[in-house]
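*Asks:*
2 protein chains.
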Amino acid sequence: MNQYDNNHIVIMAGGIGSRFWPMSDKQYPKQFIDVLGCGRTLIQLTMDRFKGICPIGNIWVVTQAEYADIVKEQLPEIPVDNILLEPCRRNTAPCIAYVSWKIKARNPKANIVVTPSDHIVMDVKEFQRVIKSAMKFTKSSDAIVTFGMKATRPETGYGYIEADLSMSCPSNNEIYRVDAFKEKPDLATAEKYIQKKNCLWNSGIFVWNVNTIVNAMRVYQPVLSKMFEKIFPYFFTDKEQDMVNELFPMCENISVDYAIMEKADEIYVFSASFGWSDLGTWGSLHENLQRDAHGNVCLGDNIKMYESRNCVVHTTQEKKVVVQGLDGYIVAEKNNTLLVCRLSEEQRIKEFSED
Amino acid sequence: MNQYDNNHIVIMAGGIGSRFWPMSDKQYPKQFIDVLGCGRTLIQLTMDRFKGICPIGNIWVVTQAEYADIVKEQLPEIPVDNILLEPCRRNTAPCIAYVSWKIKARNPKANIVVTPSDHIVMDVKEFQRVIKSAMKFTKSSDAIVTFGMKATRPETGYGYIEADLSMSCPSNNEIYRVDAFKEKPDLATAEKYIQKKNCLWNSGIFVWNVNTIVNAMRVYQPVLSKMFEKIFPYFFTDKEQDMVNELFPMCENISVDYAIMEKADEIYVFSASFGWSDLGTWGSLHENLQRDAHGNVCLGDNIKMYESRNCVVHTTQEKKVVVQGLDGYIVAEKNNTLLVCRLSEEQRIKEFSED
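As structure tokens, then:
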């Protein structure tokens, strides 16, 4: 087996994208939507940008059981066995544990990239270069590698990684030791962060070999690890899903950042810049997409804007849309649900959707 | 035959309501829509408020051929023979000529109210009183009676009637001679009008007996009259629609105001006040409907307003609507067509709908 055959990609696709309501909802979260209006959904674009990194049979998707049909429909190339179904939502640590033990059962030499399914990457060529570079690094080391994005604005919607830029790794001069992980900051703190050159956005993309992550889980999350040790003999059998359905709900609801990153000592960050955005909010969509001369982003077939600026209009199911006299608003319609809201108030969208 | 049996109501229902787009469109103009959210469409409410004025068989509807099925569905009580179908749009004079000659063929003693189908009347009891009073007046006179509404604001969306208030008619002290008809004014002119007590809004409702209107047509619109004299022998026969389809398109496109009112000398106005509005615009809907504490009018099942004031939201086909941070806007959605527009810019809606 050459290195290519040992490469695996894990796409995490269990999120519900509540901040993108009404475009995104529990029935059809944003990773399954053509948010960019380009003809491919976010999860399809995620798979696309790993083309050539590994065999198609080494791409894994972890998602909620209710999204199984959507994943099969949108990613028909991926073997059905590679679609792992969580019976309930338990954040990223149980998700990564499940898929890591399963990959280990298939290939103990696996070298793995874990990626969210709902981010965007503008520079796919550079993305591929750094992913390959990181995988080369983790193939022959037991490093946990995160991806830190060079911050270009005081973003309060992202977590930050504080890197030790004084010295890069001997074998890869783009990889540094992590000093600390920082949670989403307030604006004042974010402004301090971007003054410092060593504060990078935490992209939520990880690279490691399968033994590294499994061992880290065993050390820092022994209870979680025991669950999957117990399921291990049943992987790729008829009983796997039953076992998962029984044990997965007992897993602690915890992110991999809390479960591993903040506990482990030797964490590395690849300082990269490939036009990344987590597209977590309408505002980030507005930031990332092509704006017209008036700063409007319009996604939909027949949208006419009059005296309007700095708006994001996403009405892909409408036959015709006319917007007049709005500055800095979201206008979104889907499945007979309509939202008109100031972009500056978008943190309340989850509340609006639930009221 | 007693007087009740001679009373006829003509409902003009051929308009396209373009200023109410997208709620109203050519396929389904506003007279056929439950604009008020009360469970009855405007044309149904129009018929309702004439209850008890005449036998149901004396109610006539003149509409475009394409709306025949909608009229039959919405007003199933009205005999199909009483639904007159115009093959094309020719404004109110040809419409009134057609129905007047047809009623004359049925009942030469007919006493007629002509009304638009898309207005609203708040005080139906008072409306019935003044209609009956006017019909009593026209039964035994050859007067053309219009209805003038006491103006309550400098409205630029209505035409005005200048009345000679110095002396009412001997037989009805609410009816006066008309001095002049005034077209829709600009704001400065409208403000002058409402200073003068004798300027009334032209409601577009008329009362006359059938001989009065037919004779007036003969005098002031001889060409138009000859058309219907020619069709007269075919009324209530298989050939009527063919004759109408052939001749109606040759009629001049002219309103009854231009064709008769501004030419005839003896025109009367009934000075009335029954909570009338022509609901011609979103603004008038906003004026006339119940507003919440923040000045919003919301028509739809599940509309949530946050930090919004003075808006009119009409989204009766949406499952859920959230509007945040709008002041003085129209938000309307129908048939996958969405409009968000400042109320102050609503005169441009026709342009928006056509672009």
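These protein sequence lines map, in sequence, to chains L and E. For what it's worth, this note's numbering labels the leading residue of the first sequence as 66, then goes sequentially. For what it's worth, this note's numbering labels the leading residue of the second sequence as 66, then goes sequentially. Backbone N, C-alpha and C define an ideal beta-carbon position, used for all residues, glycine too. Quick caveat, the model's predicted, so the values are computed rather than measured.
1) What residues in its chain sit with their C-beta under 7 Å from that of cysteine 264 of chain E, if we drop five residues either side in the sequence?
2) With DSSP as the reference, identify every bridge partner of methionine 77 of chain L, one or two as the case may be.
3) Distance cutoff 7 Å, beta carbons only. Does aspartate 420 of chain L sit that close to anything in chain E?
4) Could you list which residues in chain E have their beta carbon closer than 7 Å to that of cysteine 406 of chain L, in chain order?
5) Consider the Cβ of phenylalanine 300 of chain E: report whether some Cβ of chain L lies at a distance smaller than 7 Å.
6) Which residue or residues does DSSP assign as beta-bridge partners of methionine 214 of chain E?
7) Identify the residues that DSSP records as bridge partners of cysteine 234 of chain E: which are they?
8) Kindly list, in the order they appear in chain L, the residues whose Cβ is closer than 7 Å to that of glutamine 92 of chain E.
9) When the Cβ atoms of the region 103-114 of chain E are set against those of the region 402-414 of chain E, are three or more pairs found closer than 8 Å?
10) Name, in chain order, the residues that DSSP records as bridge partners for valine 362 of chain L.
11) Go ahead and pull the three-state DSSP assignment for isoleucine 395 of chain E.
12) Asparagine 361 of chain L versus chain E: which residues are under 7 Å apart at the beta carbon?
13) Helix, strand or coil: which one does DSSP assign to leucine 107 of chain E?
14) Using CA coordinates, which residue listed in L:Ile168, L:Tyr132 and L:Tyr69 is at the minimum distance from phenylalanine 297 of chain L?
15) Just verifying my parser: in three-state terms, what is the DSSP assignment at cysteine 160 of chain E?
16) Just to check my reading of the structure: asparagine 147 of chain E and valine 126 of chain E have Cβ atoms closer than 8 Å, yes? What is that Cβ distance to the nearest angstrom?
17) Determine the chain L residues that contact glutamate 220 of chain E at a beta-carbon separation under 7 Å, and present them in chain order.
18) Report yes or no: is there a C-beta of chain E within less than 7 Å of the C-beta of threonine 106 of chain L?
19) Using a cut-off of 8 Å between C-beta atoms, extract the partners of phenylalanine 417 of chain E located in chain L.
20) Could you name the residues that DSSP lists as bridge partners for glutamine 355 of chain L?
21) Between which two residues does the beta strand (DSSP E) harbouring methionine 370 of chain E extend?
22) Going by the CB atoms, is the gap between serine 336 of chain L and serine 342 of chain L shorter than 7 Å?
23) Smallest Cα separation from threonine 211 of chain L: which of L:Glu151, L:Ile278, L:Thr221 and L:Gln260?
24) Valine 396 of chain E CB to nearest chain L CB: under 7 Å?
25) Give me the Cβ distance between glycine 79 of chain L and threonine 128 of chain L, rounded to the nearest whole Å; I'm assuming they're in contact under 8 Å.
26) Quick one: what does DSSP say aspartate 303 of chain E is sitting in, helix, strand or coil?
27) Use the C-beta contact count for valine 96 of chain L: other C-beta atoms within 10 angstroms, 16 or more gives buried, fewer gives exposed.
28) Considering only the beta carbon of each residue, do leucine 347 of chain L and valine 377 of chain L sit closer than 7 Å?
29) Please report the straight-line C-alpha distance between valine 387 of chain L and serine 409 of chain L, rounded to a whole angstrom.
30) Using a cut-off of 8 Å between C-beta atoms, extract the partners of threonine 421 of chain E located in chain L.
31) Give me the Cβ distance between valine 164 of chain E and valine 75 of chain E, rounded to the nearest whole Å; I'm assuming they're in contact under 8 Å.
32) Leaving out five residues on either side along the sequence, give the residues of the same chain with a beta carbon under 7 Å from the beta carbon of asparagine 72 of chain L.
33) Could you check the C-alpha separation between methionine 315 of chain E and glutamate 151 of chain E for me, to the nearest Å?
34) Take every Cβ of the region 269-285 of chain E, pair it with every Cβ of the region 318-337 of chain E, and state whether three or more of those distances are shorter than 8 Å.
35) Near asparagine 353 of chain L, which residues of its chain fall below 7 Å by C-beta distance, leaving aside the five closest residues on each side in sequence?
36) Quick one: is lysine 95 of chain E near chain L, going by C-beta distance under 7 Å?
*Replies:* On the basis of the supplied data:
1) Taken in chain order, the residues that qualify are Ala216, Tyr225, Glu227 and Tyr258.
2) Partner(s): L:Val127 and L:Pro181.
3) Aspartate 420 of chain L has a beta carbon lying within less than 7 Å of a beta carbon in chain E.
4) Neighbours of cysteine 406 of chain L on chain E, chain order: Val387, Gln389 and Gly390.
5) False, the Cβ-Cβ gap to chain L never drops below 7 Å.
6) The partner list for methionine 214 of chain E (beta bridge, DSSP) reads E:Trp266 and E:Ala337.
7) Beta-bridge pairing links cysteine 234 of chain E to E:Asn237.
8) Per Cβ cutoff of 7 Å: no residues; glutamine 92 of chain E is ~12 Å from chain L at best.
9) Contact fails: fewer than three Cβ-Cβ distances are below 8 Å.
10) L:Val377, per the DSSP bridge assignment.
11) Looking at isoleucine 395 of chain E - three-state DSSP - the assignment turns out to be strand.
12) Within chain E, no residue comes near asparagine 361 of chain L; the closest Cβ sits about 13 Å away, beyond 7 Å.
13) Helix at leucine 107 of chain E.
14) With respect to the C-alpha of phenylalanine 297 of chain L, the residue from L:Ile168, L:Tyr132 and L:Tyr69 having the closest C-alpha is L:Ile168.
15) DSSP places cysteine 160 of chain E in helix when its eight states are reduced to three.
16) Contact between asparagine 147 of chain E and valine 126 of chain E holds: their C-beta atoms lie close to 7 Å from each other, under 8 Å.
17) Ordered by position in chain L, no residue passes the 7 Å Cβ test against glutamate 220 of chain E, which lies about 23 Å from the chain.
18) By this cut-off, threonine 106 of chain L is not an interface position.
19) What phenylalanine 417 of chain E touches in chain L: Lys369, Tyr371, Val387 and Gln389.
20) DSSP output for glutamine 355 of chain L lists no bridge partner at all.
21) Counting along the chain, the beta strand (DSSP E) containing methionine 370 of chain E begins and ends at 368-371.
22) In this structure, serine 336 of chain L does not lie closer than 7 Å to serine 342 of chain L by Cβ.
23) Taking only the C-alpha atoms, the option nearest threonine 211 of chain L is L:Ile278.
24) At a cut-off of 7 Å between beta-carbon atoms, valine 396 of chain E makes contact with chain L.
25) Taking 8 Å as the upper bound for CB-CB distance, glycine 79 of chain L and threonine 128 of chain L are in contact here, some 5 Å apart.
26) Aspartate 303 of chain E carries a coil assignment under DSSP once its states are collapsed to helix, strand and coil.
27) A small fix is needed here, since residue 96 of chain L is glutamine in this sequence, not valine. Glutamine 96 of chain L comes out buried.
28) Checking the displayed sequence, the identity of residue 347 of chain L turns out to be tryptophan instead of leucine. In contact: tryptophan 347 of chain L and valine 377 of chain L (Cβ atoms closer than 7 Å).
29) Using only the alpha carbons, I get a separation of about 22 Å.
30) The question about residue 421 of chain E has no answer, for chain E in this structure spans 66 to 420.
31) That belief holds up - the Cβ atoms of valine 164 of chain E and valine 75 of chain E are roughly 5 Å apart, short of 8 Å.
32) Within the same chain, asparagine 72 of chain L has close Cβ partners Ile118, Cys119, Asn123, Asn176 and Met200.
33) Within the model, the alpha-carbon separation for methionine 315 of chain E versus glutamate 151 of chain E is close to 12 Å.
34) Judged by Cβ distances under 8 Å, the region 269-285 of chain E makes contact with the region 318-337 of chain E, as three or more pairs qualify.
35) Only Ile185, Ser342 and Leu344 meet the Cβ criterion.
36) Residue contact check for lysine 95 of chain E against chain L: no CB pair falls below 7 Å.
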